[in-house]
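Student: The structure's right below; bear with me while I get my questions together.
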RNA sequence: GCCAACAUAGCUCAGCUGGUAGAGCAGGCGUUUCGUAAACGUCAGGUCAGGAGUUCGAAUCUCCUUGUUGGCUCCA
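In structure tokens form, the structure reads like this:
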């Protein structure tokens, strides 16, 4: 992802507090480990971190000790003072700090800035001192340590981090901390983290019995349980209806394809590290598909195409398998086998802008249907490993950018983040923990048409190469489901809830009536379940509540006599008794409105 | 993959410095038939992730493997 530079945040007092807290933490760590080496320690969203090379691994006890030392340093009211100096002077000061020396050399040569990014100008070299600690730093900082509220900081965790983010370089220990202006802000933040944990799709997935991952089956491979599968089916149905109306044709393609196919497509050359080892079938190598595109291309190529048929939009819920390193797997959001809501558009070059607009709009419509209004757009440009000439890359990037501008969508540029075959627009949404996940992706491709030599006959009877767009709107059903669970906190809106209404008979004599209205409601396409256990009503309500079922229908003597149901919603609202038909129309109305 | 931590019943977790497992919920059975977030009783459940080692003795100590978590790197 592109480096985010939020200048408003960077010039705020809070940013200075966090950055200063990082320096104080470094001082505290060096007090404890005088032989420790310091790397870098910036302020980040919600806090700060600092990387160290230390003689041993840190424990949670070390963290609280470091935190205590920090509080002592803060109370010393030490001023932060800045000095600008030459590279040589700086090297003397940091003689026993190899990481700092490397940073100074980067600044000196003017080739790298302090984040290790290439830069044109030679930045000035400055240091900041507070108490016994001195750090190579551009600043800014608070005036003195007392500006940091000792009761509004907390060290959160330790983790490994490569020096300069390069896995070939040493692994350092990174301490993450958070700092706020007031203790109450810290409390609020910690409460927010706690709330986020409650919405975690891995926790809810287990509690609501939606899916599981089994060690024997394999890492990153999802088992969809009946309730999760129900939600998936509802998503797929909605998706199919929308696509059908939007002019897509559905296709199905195999899970494996010959090596030659992936050779032609360029995947073996450019996407190899994400592909699994080939399978030998009668001496011929086949690969499990990491993408669906080559198959769709062959469906296009199967017949002679006229400009009159374009655009052709081929859609498929295509299941793909990609190698992901074990350490990156994460619940439903990062897996090894997943189903993309994939489609490929083939269009006349002159219709490309309109076609991009169409997909952008369709994509937004789809995300909004699931209640996502907060997403960020990214424009990803040419990566280092890519095919196609730079001229065309540039033109394609401009075409995508123009569409974003036409739709007034704020976007960021993700430099070098494109696919190997073309630039792309991505939409990301935030999950409960504030992590953003890429869902929609709209990718321009001028390479596969070339590589597979696909054509259409244009208005002048000439063979012409179509342009191609790859797109996945929900991204993958697995990731989408994970993000959706967190988005709704497991309380799916009625149209997506696996069980929409739990019918709760108060006593056994009400069960027959409960079953009767249940089957009537099923005819009205409502998903209902009768809780016929011999438990008390209170306990049935409690269970339905925990399952986050939208409607609870209480059936007792009164309801049975009057042919009614008593409706309780999962938010605790008691709507009292109403005729069954009234409930059905209320529920269907909410289902239609997707609320 | 890398750094670190963790893995005890279906779930959530106890089990101190080694003396061969325990609770609540869920489940089975029985009693109860109840008006808006937990009725009562009873029974059953575990090769303590897997393997090897140290020891008279390992859930507990050591090593390896598998998996999970938090990050790094990478991505739908």
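Numbering (our numbering), first residue to last: 4 to 598. Just so you know, even glycine gets a beta-carbon here, dropped at the ideal spot from N, CA and C.
(1) I need the straight-line Cα distance from residue 366 to residue 407, nearest angstrom please.
(2) Which ranges does the beta strand (DSSP E) cover as unbroken runs of at least 3 residues, wholly within the region 203 to 276, from first to last along the chain?
(3) Give me the Cα-Cα distance between residue 90 and residue 217, rounded to the nearest whole angstrom.
(4) Could you check the C-alpha separation between residue 357 and residue 405 for me, to the nearest Å?
(5) Taking all protein chains shown into account, do 16 or more other C-beta atoms lie within 10 angstroms of the C-beta of residue 175, making it buried, or fewer, making it exposed?
(6) Identify, in the order they occur along the chain, each residue of the same chain with its Cβ nearer than 7 Å to the Cβ of residue 459, setting aside the five sequence neighbours on each side.
(7) How many angstroms separate the CA atom of residue 6 from the CA atom of residue 47?
(8) Quick one: which unbroken alpha helix (DSSP H) runs of 4-plus residues sit fully inside the region 352 to 412? Chain order, please.
(9) Are there three or more Cβ pairs, one per stretch, closer than 8 Å when the region 71 to 83 is compared with the region 130 to 138?
(10) Does the Cβ-Cβ distance between residue 568 and residue 583 come in under 7 Å?
(11) Taking only three categories from DSSP, how would you classify residue 126?
(12) Put residue 104 into one of helix, strand or coil per three-state DSSP.
(13) Assign residue 280 to one of three DSSP states: helix, strand, or coil.
(14) Just to confirm, is the Cβ distance from residue 555 to residue 519 under 7 Å?
(15) Considering residue 452, what are the terminal residues of the alpha helix (DSSP H) in which it resides?
(16) What does DSSP give as the partner residues of residue 567 in its beta bridges?
(17) May I have the straight-line CA-CA distance separating residue 16 from residue 145, to the nearest angstrom?
(18) So, is residue 50 buried or exposed, given that buried needs 16 or more other C-beta atoms within 10 angstroms?
(19) Ordered along the chain, which non-local residues of its own chain (more than five positions away) have a Cβ less than 6 Å from that of residue 230?
(20) What does the Cβ neighbour count give for residue 442, buried or exposed, with the cut at 16 atoms within 10 Å?
(21) Runs of 3 residues minimum, wholly inside the region 466 to 491: which ones carry the beta strand (DSSP E) assignment?
(22) Closest to residue 166 by CA distance: which of 42, 111, 574, 264 is it?
(23) Between which residues of its own chain and residue 597 is the CB-CB distance below 7 Å, once the five residues before and five after are set aside?
(24) Note down the Cα distance separating residue 551 from residue 368, rounded to an integer number of angstroms.
(25) So residue 363 and residue 299 are in contact, right, with Cβ under 8 Å, and what is the actual spacing, rounded?
(26) Which residues does DSSP list as the beta-bridge partners of residue 160?
(27) Counting C-beta neighbours from all protein chains within 10 Å, is the total for residue 600 16 or more, i.e. buried, or is it exposed?
Tutor: This is what the structure holds:
(1) Inter-residue distance for residue 366 and residue 407 is about 12 Å (C-alpha atoms, whole angstroms).
(2) With a minimum length of 3 residues, the continuous beta strand (DSSP E) runs that stay inside the region 203 to 276 are 259 to 261.
(3) Between residue 90 and residue 217, the C-alpha separation is close to 56 Å.
(4) Straight-line Cα distance between these residues: approximately 11 Å.
(5) Classification for residue 175: buried.
(6) Excluding sequence positions up to five before and after residue 459, its CB lies within less than 7 Å of the CB of 308, 309, 310, 313, 467, 469, all in the same chain and listed in chain order.
(7) Legend: pLDDT at residue 6 = 38, less than 50; position of this residue unreliable, no value from coordinates given.
(8) Annotation: the region 352 to 412 contains the following complete segments of the alpha helix (DSSP H) (minimum length 4 residues), in chain order: 355 to 372, 393 to 409.
(9) In this structure the region 71 to 83 lies against the region 130 to 138, because at least three pairs of beta carbons, one per stretch, are closer than 8 Å.
(10) In this structure, residue 568 places its C-beta atom within 7 Å of the C-beta atom of residue 583.
(11) The answer is coil: DSSP assigns residue 126 none of H, G, I, E or B.
(12) Residue state, collapsed to three classes: helix.
(13) Assignment of residue 280 by DSSP, reduced to helix, strand and coil, places it in the coil class.
(14) Not a contact, by the Cβ cut-off of 7 Å.
(15) In this chain, the alpha helix (DSSP H) harbouring residue 452 covers 451 to 454.
(16) The partner list for residue 567 (beta bridge, DSSP) reads 582.
(17) In a straight line, the C-alpha of residue 16 is about 7 Å away from that of residue 145.
(18) Buried, since its Cβ has 16 or more Cβ neighbours within 10 Å.
(19) Non-local beta-carbon contacts of residue 230 in its own chain, meaning distances under 6 Å to residues more than five positions away in sequence, involve 212, 213, 501 in chain order.
(20) By the 10 Å Cβ count, residue 442 comes out buried.
(21) With a minimum length of 3 residues, the continuous beta strand (DSSP E) runs that stay inside the region 466 to 491 are 470 to 479.
(22) Closest in C-alpha terms to residue 166, from the list 42, 111, 574, 264, comes 42.
(23) Counting only Cβ-Cβ distances below 7 Å, and skipping sequence neighbours, we find 372, 496, 498.
(24) CA-to-CA, the gap between residue 551 and residue 368 works out to about 27 Å.
(25) With 8 Å as the limit, residue 363 and residue 299 do not qualify as a contact, their Cβ atoms being about 20 Å apart.
(26) In the DSSP output, where bridge partners are listed per residue, residue 160 has 179.
(27) With the chain covering 4 to 598 only, the question about residue 600 has no answer from this structure.
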